[in-house]
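A quick write-up on the structure given underneath.
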Amino acid sequence: MNRFSPLERARCVALAALASIALAAAACGSATTPQANAPSNAAMAPDFSVDLMSGENFRLADHLGKDVVLIDFWTTFCVPCVAVLTHLEEIQNKYKDKGLVVLGVAMDPPETAGQIGPFMRSHGLHFAVAHDINSQVTNLYNKKTAAPYQVLIGRNGQIIKRRETYQPGDEVGMEADVVAALAQAAR
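Just so it is clear: in the sequence shown, position 55 is 45 by my numbering, and no numbers are missing.
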């Protein structure tokens, strides 16, 4: 003889299914958070030196104590990257005199590297860009090689914010983060 009625068995099955769904959703959410990409927010930004497309050199340590640095990882074949880059150009123009430096890190493979310069010109982008051919900067900040992906570094060298992917409207939050970072004094 069975101890549970059909209604009680159905309730147990439904509760077990709901628990399984909740557990799966929690596991998926934690695996896709941008914070899973080391180093974490509030960490000190690792120093690096990289050659720019212009022939100059960019060294993060040269900007500490005076500039807020926004690093954007992108590729020429990334559709959402185009929207981000356009907004970054606007943000750079608006805040460069207040101490913002934007560094674009192109993660293009060698076969599309020749398109980086023409891409920048055709989209009217004028901020500093490095082709990270050896993944030097990418390995420090963007191990998942996500694109678009931004890292905002305060004047004190601390990572303030990370932002992965792009949805229309994200530029508002991006600009607000820059404004807040510029308002902070180097500590």
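The beta-carbon is built from N, C-alpha and C at its ideal position, and this holds for glycine as well.
Per-residue DSSP class, three states only, for residue i
i    : result
D98  : coil
H116 : coil
I61  : strand
N129 : helix
R153 : strand
L172 : helix
L90  : strand
Contact test: residue i Cβ vs the ligand FMN heavy atom, cutoff 6 Å
i    : result
V169 : Summarising the ligand content, the structure contains no ligands, and the ligand FMN is consequently not present.
Own chain residues within Cβ distance below 8 Å of residue i, not counting five before or after
i    : result
T65  : C71, A96, M97, D98, T102 and A137
S112 : none
T128 : F63, V95, M97, D122 and T135
Run of the alpha helix (DSSP H) containing residue i, from where it starts to where it stops
i   : result
N83 : V69 to Y85
Own chain, CB closer than 7 Å to residue i, minus 5 neighbours either side, in chain order
i    : result
A170 : none
Y85  : V168 and L172
Neighbourhood of residue i by C-beta, 6 Å cutoff - its chain only, sequence neighbours within 5 removed
i    : result
M164 : none
Q82  : V92 and F117
A33  : I149
Nearest neighbour of residue i, chosen from the options [CA to CA]
i    : options                  : result
F117 : N124, I123 and F109      : F109
V168 : Y156, R152, A51 and N132 : R152
Bounding residues of the beta strand (DSSP E) (the contiguous stretch that carries residue i)
i    : result
D41  : S39 to D41
L142 : Y139 to I143
N47  : N47 to R49
Beta carbon of residue i nearer than 7 Å to that of residue j
i    : j    : result
S61  : L93  : Here the sequence assigns Ile to residue 61, which means Ser is not the residue at that position. Result yes, Cβ atoms of I61 and L93 sit closer than 7 Å.
A51  : D37  : yes
Y156 : V141 : no
L115 : L54  : no
G183 : A35  : With the chain covering -9 to 177 only, the question about residue 183 has no answer from this structure.
E154 : Y139 : yes
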